[in-house]
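As structure tokens, the structure follows; a few thoughts come after it.
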Amino acid sequence: MEGNRFIAGAAAKSDCLVAYERGDAPMSVVVRSSVGALFGKAIGATVLRVASEFGVSSGLIKVDDDGALDGTLAARVEAALRKAGFVRLPSTASATPLRAASSRGRFRRARLYLPGDQPHLAANAGLFGTDCLIFDLEDAVVAERKFDTRILVRRTLEESLMLGDREIVVRINPLSSPYGRDDLSEIVRARPHAITLPKCESAADVTEADEAISALEKAAGIKQGSIFLMPIIETAAGVLSSREIAQASPRNVALCFGREDFSRDIGAVAPPAGGGAFPAKGIESLLARQMIILAARASGIAPLDSVFADVEDEEGLFLSCLDARALGFAGKGVLHPLQIPIVMKAFRPTEVEASRAEKIVAAFDGAAAEGRGAISVDGQMVDAPVAEKARALLRDYREEH
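Per the working numbering: the sequence shown = residues 275 to 675.
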């Protein structure tokens with residue numbers, strides 16, 4: 275706010291800066307846009323449409339645009355008007371689903387984090403080939419932009435046709451922060467597939483979110499329980515409570531690990547360059563990762579590994595994924611679209627793995643028909659648990675092919 279001017283947005287690529295000035299004269303709109311010759315009238319029409327949603331018919335709205343999509347423009351106008359104290363008029367629109375429902379057991383191998391305040395990254399996000407798109411309201415957004423950003427993300431989810439069939443997830447701020455409750459109030463009505471809960475340290479954190487979402491679903495006419503939860507474990511306290519967290523809500527579909535915050539929380543020291551006799555990289559989080567995997571698997575949900583921070587180290591990322599999959603993780607966080615194909619490849623069953631799994635299943639089923647419960651396949655003992663693991667791998671492989 276600057277005196278009698280209320281400002282929202284940013285002067286950036288695929289974004290716009292919107293200023294509302296109070297006044298008694300009938301509403302007027304001034305547009306300065308890099309695409310004004312083609313879309314100036316459409317921009318003005320969108321501004322007036324959003325103003326009518328808030329019953330605003332007087333004053334001046336100035337738009338400095340650099341190619342913002344309609345949803346981004348609408349979000350920036352809305353934010354400016356709400357800062358001026360206006361409230362959206364009641365709507366008779368029904369809670370029609372905005373996108374196909376997700377499912378508890380769907381693949382979540384790669385989940386791409388998108389800073390919620392950068393609309394240019396969301397424009398083509400549905401084309402990146404990831405399983406999940408996570409719009410981040412937490413670490414990626416500074417405090418003074420959180421108000422504008424949650425409105426932008428909500429509008430993006432409501433109006434974008436370019437998100438494809440990806441699972442749409444929003445990472446809110448912790449409910450213990452000044453922002454988490456407002457995030458939920460804004461986002462739930464846009465009906466994301468899931469909410470990611472950062473800094474979870476107890477079952478109570480999940481229960482609190484579950485109850486808040488249930489109340490918001492009811493108020494919006496949304497089917498109860500349709501929005502999933504993905505708690506993130508990022509502290510020593512969270513690791514020690516991981517099983518209780520995993521089982522705290524029927525909304526839970528995954529248990530995620532946040533390595534960077536965890537390492538900082540326990541006071542871990544990064545290995546020096548060159549390594550030498552220093553412990554292997556990542557050793558400080560090995561026990562925590564194993565505990566999260568055990569908690570998730572015992573609770574029937576997917577354990578998902580942390581991001582790999584060095585976006586230029588493709589070999590390191592691939593090895594990190596293989597390590598995570600070997601431990602039992604079902605997927606990994608992604609910071610850049612270029613990481614997606616590497617993660618997806620690492621977590622997909624290979625043709626060699628599928629061929630061996632088929633051999634194990636066929637041999638075990640044949641032996642079972644003869645009344646034998648355990649056999650040997652190429653020197654490996656195969657019993658019911660080994661055969662079931664092979665069947666699960668085959669199911670994953672066939673869903674991909």
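Glycine included, C-beta positions come from ideal geometry on N, C-alpha and C. These figures come from a predicted structure and were not determined experimentally.
Where R762 sits in the DSSP three-state scheme: Given a span of 275 to 675 for the chain in the structure shown, any question on residue 762 remains unanswerable.
Limits of the unbroken beta strand (DSSP E) element including P300: Note, P300: beta strand (DSSP E), 290 to 300.
Under DSSP, the beta strand (DSSP E) around Q654 begins and ends at which residues? Note, Q654: beta strand (DSSP E), 654 to 656.
Verify whether the separation of the beta carbon atoms of I506 and V513 is less than 8 Å. Not in contact: I506 and V513 (Cβ atoms no closer than 8 Å).
Kindly provide the ranges of any alpha helix (DSSP H) runs that are 4 or more residues long and lie completely inside the segment 368 to 444, ordered along the chain. Taking only runs of at least 4 residues, the alpha helix (DSSP H) segments lying wholly in the segment 368 to 444 are 393 to 396, 420 to 433.
Considering only C-alpha positions, which residue in the set R538, A349, K336, V304 is nearest to V324? Among R538, A349, K336, V304, the Cα nearest to that of V324 belongs to A349.
Does DSSP put L568 in a helix, in a strand, or in coil? When DSSP states are grouped into helix, strand and coil, L568 belongs to the helix group.
By how many angstroms is the C-alpha of V415 removed from the C-alpha of R538? Per the coordinates, the alpha-carbon of R538 lies some 20 Å from the alpha-carbon of V415.
Which class does D457 belong to by DSSP, given the choice of helix, strand or coil? Looking at D457 - three-state DSSP - the assignment turns out to be helix.
What ranges does the alpha helix (DSSP H) occupy inside the segment 458 to 525, keeping only unbroken runs of at least 4 residues that lie completely in it? For the segment 458 to 525, whole alpha helix (DSSP H) runs of length 4 or above, ordered along the chain, are 477 to 494, 510 to 514, 516 to 520.
State the Cα-Cα distance for the pair A477 and I469, rounded to the nearest angstrom. Put simply, the backbone Cα of A477 is about 16 Å away from that of I469.
Inter-residue spacing [alpha-carbon to alpha-carbon] between L431 and G318: If you draw a straight line from the Cα of L431 to the Cα of G318, it is about 22 Å long.
Taking all protein chains shown into account, do 16 or more other C-beta atoms lie within 10 angstroms of the C-beta of G645, making it buried, or fewer, making it exposed? It counts as exposed.
For I649, which residues does DSSP report across the bridge? Paired residues: V656.
Could you give the C-beta distance for G297 and R429, rounded to a whole number, given that I count them as a contact under 8 Å? The pair is not a contact, with the Cβ atoms about 25 Å apart (cut-off 8 Å).
My understanding is that I614 touches A384, with C-beta atoms under 8 Å, so please give their C-beta distance in whole angstroms. About 5 Å separates the CB atoms of I614 and A384; that is less than 8 Å, so the two are in contact.
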